[in-house]
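Whatever position you read off the sequence shown (first residue = 1), add 9 for this note's numbering.
Just below is one structure, and these are the notes that go with it.
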Amino acid sequence: MRPTVRRTDPRLQIITETIEGLIPGATPAFLSVDVTETLPGPGERRNSWTGRPAALAERVFTALYGRPHVAPEASPLAQADDAKRRRDILGEVGVLMAAGADLESAPWYPVRPGDLVHVHYEAAGQGSAFGETYIVGPEDGGLMGMTLLAHTLPDATGSEGMAGCFAVEAADDPIYELWFEAGPHRLTIVRDGRPVHVGSAR
């Protein structure tokens, strides 16, 4: 039977901190890990993996002890609120800055007119899991908007304002609020019929 652990499991924490400690004095929120394989032969052929120290630590933990059972991932805003409650100002700022850096460094960023943005919400309390689909469109002045196309809430619930709360009329970055409040792990972004961001994938 696999061990049941949380993200605070000492074994997972030790592995994470060891990876983060490879650069003494570095701020963990700004660290990433790059693993590259350079293949021999004519021309440069490479395979690579890039991720955060916590993601690499989880892979190492899984190889040693089995996949950890962890609590559902929280959005950047929820993580920042949690740090604020702990009076951890560096943690609060670090989470928000890391989330912004993740968004702005994504290969598909910025969103473009025609992009579809799917959001999945887990079941909570008496509410069932549901999803929403938005489409990004052009607005005046070079801005963009994001309009709700569909949702899977019952009609009565949707008409009470629960659906479409991330619709944007005109903004420089219509996905910004959704990225921070819902969280990148809940988003799937489709461009030209192909998924360019699948948040639940590790």
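Where is the CB? At the ideal position from N, CA and C, for every residue including glycine.
(request) Under 6 angstroms Cβ to Cβ from Ser-114, same chain only, skipping five residues before and after it: list those, please. (result) none
(message) Could you compute how far the alpha carbon of Ala-179 sits from the alpha carbon of Ala-35?
(response) 38 angstroms
(message) Taking the beta carbon of Gly-192 as the centre, do at least 16 other beta carbons fall within 10 Å, making it buried, or is it exposed?
(response) buried
(request) Note down, in chain order, each residue of its chain lying with its Cβ closer than 7 angstroms to the Cβ of Phe-189, except the 5 sequence neighbours on either side. (result) Ser-84, Pro-85, Leu-86 and Ala-108
(request) Please determine, among Ala-92, Ser-57 and Met-155, the residue with the shortest C-alpha to C-alpha distance to Arg-215. (result) Because the chain is modelled from 10 through 211, residue 215 falls outside the range shown and cannot be assessed.
(message) Taking only three categories from DSSP, how would you classify Gly-154?
(response) strand
(message) What residue range does the alpha helix (DSSP H) around Phe-189 cover?
(response) 185 to 190
(request) Taking Ala-110 and Glu-101 to be in contact with their CB atoms under 8 angstroms, please state how far apart those CB atoms are, rounded to whole angstroms. (result) About 15 angstroms; that fails the 8 angstroms criterion.
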